[in-house]
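Sequential numbering of the sequence shown, starting at 8, is according to my numbering.
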Amino acid sequence: MPSEATVKGGFATIAARTATVILLLATGLGMLVPGIYLARLGGSFYYAIAGLAVIAAAILVLLRRRDGLHLYGVVFLGTVIWSLCEVGLDGWALMPRVVFLAVAGGWLLLPAVGAALQPSGRYVSMAGRAASIAAIGLLIAVSAANAIGLGRSAGQSFAVEAKPQPVDAGAWTHYGGNLSGARYSPLSEITPRNAAGLEQAWVYHAGLYGPDGARRGNLEVTPLMADGAIYGCTAFSSVFALDPVTGKEIWRHDPKLDQENLARTVCRGVTFFRAPKGVADCPTRVLLGTADNRLIALDAKTGRPCAGFGAGGAVNLREGLGDLPARWTSPSSPPTIVNGVAVIGAFVADNQSIDVPPGVVRGYDAVTGVLKWAFDPGRPDRRQLLAPGETYTPSTPNAWTVFSGDEALGLVFVPMGNGSPDFLGGHRTPETDRFSTALVALDAATGAVRWTFQAVHHDLWDYDLAAQPVLADFPMGATTAPAVFVPTKTAQIFVLDRRTGAPLTKVEERPAPASDLPGERTSPTQPFSVGMPDFLGPKLTEADMWGLTPFDQLYCRIKFRESRYDGIFTTPRLGPTIRLPGELGGIDWGSVAVDEARGVMIVNSNRMADYDQLIRRAQADAEGLVPRMGPPKPGAPRPPPGAAMAGTPYAVHWKGFLTPLDVPCQRPPYGMLTAVDLKTRKVIWARPLGDSRNSGPWGVPTLLPIPLGAPNIGGSIVTGGGLIFIAATQDEMFRAIDLATGKTVWQVRLPAAGNATPMTYKGADGRQYVLIAAGGQSMRTKPGDAFVAFRLKR
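Set out below in structure tokens:
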């Protein structure tokens, strides 16, 4: 009679063999069946071949033959060789190809598994062992190569030698630091040598909930420091003033929003204005466009409305917009004041209908609130103001982001979006197409169009000009030219002469994909800024598909092959298409930072694709995909995915190009930070921006600071001390980065993601502060309401 130990050993042997067979069969079938489909789509044959071989290994193990383990070793060796041939020594690309199979191979090497099988023939055993050793050796070599190259960056670091700067009081008087939007400060107390000594100076909680108890909206504000106070706003248009040294509230103004007529609850900032001498009412004032369509002016000292501005301190921005839904438009960025004229645009709902509010841009007297002019993209040459009962042209391109100004030239630079809906353009007029996704230079005194430059022709991809234009002197050999930098969602930067709009670097019109959608038209060419670096990266291929395992990577390969992808400007269609850059851009409203003293531009960018598909109207109706009337109310059911595009034959589904595990289908990096030498127009260094600690499968944070480059929304600043400050990333970190090398010299976890642009200033105590709004929510991160200031330890 067998002993108890023998019986237990027998059960263990059977259990190990059974588990091994199940593991191998599941792996093999998971690769073979979809792998055959992928091969039929014209994709890689690897998965079908490897899956078949792994199933054969499972059958051998089932027959108690150790040859099955050796066959698996051969498959693993073949996988490593195939992977290296396909993606080289890219560790991120290799991970889904080899890690799962390596872990499964570790199971097969357990003594209990080997004990359950009969010995192989001598030569078969030797071949299997040789294959396993060779595969392990290759993996070690790859890991070593990636470990050595982990900190490398493209290009070369450079020695920072700042030119002399004029004495500055340390203010931050505009959204972008100054009217030019350069996001540069000459302050130099904080440097790469001492940045590790930064600590929290103060925190101000602006409030997370709106007057109706709702928690919605994004804290995307860059505060100002002017006239001895910090000025900022909340997503619900409340304005506050703080002490710059302590963060204590000086005053706060609640505009009492009309809760029934809210569009987007977001505020990117306020505008500080010093009135001309002799103006007794609010000699210094703060202007803001509210979420319920008012332009208000407040006394900068007290927060009280300026009685002489408009009607009791407010101008009604609904005038001239017609009867279209009020919840489809509102200003989301601060007005830009050029020579006393406050110029303001507005967000207009994307993709809900072909009948949306006008994209009018208006100029108001910053002292009285009187309307001086209106730029109506549908009637751009009209100079007279509207007569009673008239309205501006509906459904025209709108300007929702931050503008820049040149007071010497008398120009305001307005980045335009496109007419609704974003993904269809057959119904658009010549006027709509003229100003769609174009930078428009307007005369600040009259609103007349001085010049335009179109960054995308007949935009069908939601590639609005989202970034604030940046004005700087651009090196041109031995001299400089007054330039405007135009960062785009297409991940390009156009450099134009801001006097005329003529390109200062080479722009090339290249053939673009054509549409086969009935009733649609496309531009035969699109502009490419070939004289400046491209921040998009190479065109996607099947080999770029990613995942956490071979199985979700295989899923992404199939999705890629099923979709149309002709590179950038792939046209929308009834079948699926891949859009890269996706909704985040390229370069979004965070714009770029320019250090004229050193001749360096800092660019944070995204490399995230979207998965789009037009659907017929009947399907949209069946899904209940109807126009949305603004942000959802608390407790309201979640609407169907996509957008209605009412008035067209189609609606649209769109989402991120993601695996079933909710991770990107393309390999990292997903966010980059790049320094560009403006003299040579070459990349100095480029590094992944952000890590994986706040992301993972199904949105569950991994808590691992793996530097894969994170999606980012927000911007950077650069200082005279040789530092870049940036938050923006999904990982909720705020970083100080050495301008010379791109290395992170300090970082801290914020209470929520800092999806905003920071600022820096000098306090009354003579110390340099850095301030960031930590509001989260922009990329499915937790919400927050904190404004956090940092300074060096004593």
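From the three backbone atoms N, C-alpha and C, an ideal C-beta is built for every residue, glycine too.
Between which two residues does the alpha helix (DSSP H) containing residue i stretch?
i, result
"R624", "R624 to E630"
"F442", "P437 to F442"
"I575", "Where I575 is concerned, there is no enclosing alpha helix (DSSP H), given that its DSSP letter is neither H nor E."
"A61", "The displayed chain sequence assigns Val, not Ala, to residue 61. That run of the alpha helix (DSSP H) goes Y53 to L69."
"G121", "P118 to A122"
So for residue i, helix, strand or coil by DSSP?
i, result
"L689", "For clarity, residue 689 is Lys in the given sequence; the question names Leu instead. Three-state result, K689: strand."
"F420", "strand"
"G798", "In the sequence on display, residue 798 carries Arg and not Gly. The answer is strand: DSSP assigns R798 an E or B state."
"K284", "coil"
"D357", "coil"
"S195", "coil"
"T681", "strand"
"G156", "Confidence is the limiting factor: at G156 the pLDDT is only 41, short of 50, which leaves the residue's position unreliable, though a coordinate-based value still follows. In this structure, G156 counts as helix in the three-state DSSP scheme."
"S34", "Note on residue identity: the sequence assigns Thr, not Ser, to residue 34. In the structure shown, T34 sits in a helix (DSSP, three-state: H, G or I)."
"C563", "helix"
"D74", "helix"
"A488", "strand"
"T291", "strand"
"V28", "helix"
"I303", "strand"
"I88", "helix"
"L39", "helix"
"I21", "helix"
"L45", "helix"
Got a sec: does the ligand ADP put a non-hydrogen atom nearer than 7 angstroms to the Cβ of residue i?
i, result
"D772", "By its list of ligands, the structure shown contains no ligand whatsoever, and the ligand ADP lies outside what it can speak to."
Taking Cβ positions, are residue i and residue j nearer each other than 8 angstroms?
i, j, result
"L880", "D74", "What is shown of the chain runs 8 to 801, which leaves residue 880 out entirely."
"P557", "R47", "no"
"G749", "A780", "no"
"G50", "R517", "no"
"D450", "L472", "no"
"F492", "V514", "no"
"M615", "P671", "yes"
"L39", "G58", "yes"
"Q4", "W553", "Not covered by the structure: residue 4. The range shown for the chain is 8 to 801."
"A498", "F576", "no"
Residues bridged to residue i by DSSP?
i, result
"W553", "Answer is none; W553 lacks a bridge partner."
"E516", "P534"
"W179", "M232"
"K662", "Y618"
"C274", "L226"
"Y768", "Y776"
"F732", "I724 and A743"
"C240", "V246"
"H212", "A793"
How is the beta strand (DSSP E) around residue i delimited, first residue to last?
i, result
"P534", "T532 to F535"
"I744", "M740 to D745"
"E256", "E256 to H260"
"W380", "L378 to F382"
"V752", "T751 to R756"
"F107", "Run containing F107: none in the beta strand (DSSP E); it sits in the alpha helix (DSSP H), G98 to L115."
"I594", "Note, I594: premise wrong, no beta strand (DSSP E); not H, not E."
"G7", "Because the chain here runs from 8 to 801, residue 7 falls outside it and cannot be looked at."
"N701", "Where N701 is concerned, there is no enclosing beta strand (DSSP E), given that its DSSP letter is neither H nor E."
"Y371", "V368 to D372"
What's the gap between the Cα of residue i and the Cα of residue j?
i, j, result
"G296", "V537", "37 angstroms"
"L31", "A65", "5 angstroms"
"A242", "G224", "5 angstroms"
"I724", "P579", "36 angstroms"
"Y238", "A394", "37 angstroms"
"F741", "P494", "23 angstroms"
"P545", "P283", "52 angstroms"
"V355", "A771", "41 angstroms"
"M679", "D792", "26 angstroms"
"A349", "G370", "5 angstroms"
"T403", "E326", "16 angstroms"
"V703", "D372", "One detail in the question is off: residue 703 reads as Gly in this sequence, not Val. So the alpha carbons of these two residues sit roughly 50 angstroms apart."
"A658", "Q626", "8 angstroms"
"T788", "A479", "35 angstroms"
"L305", "S337", "19 angstroms"
"T655", "S360", "8 angstroms"
"V610", "L696", "11 angstroms"
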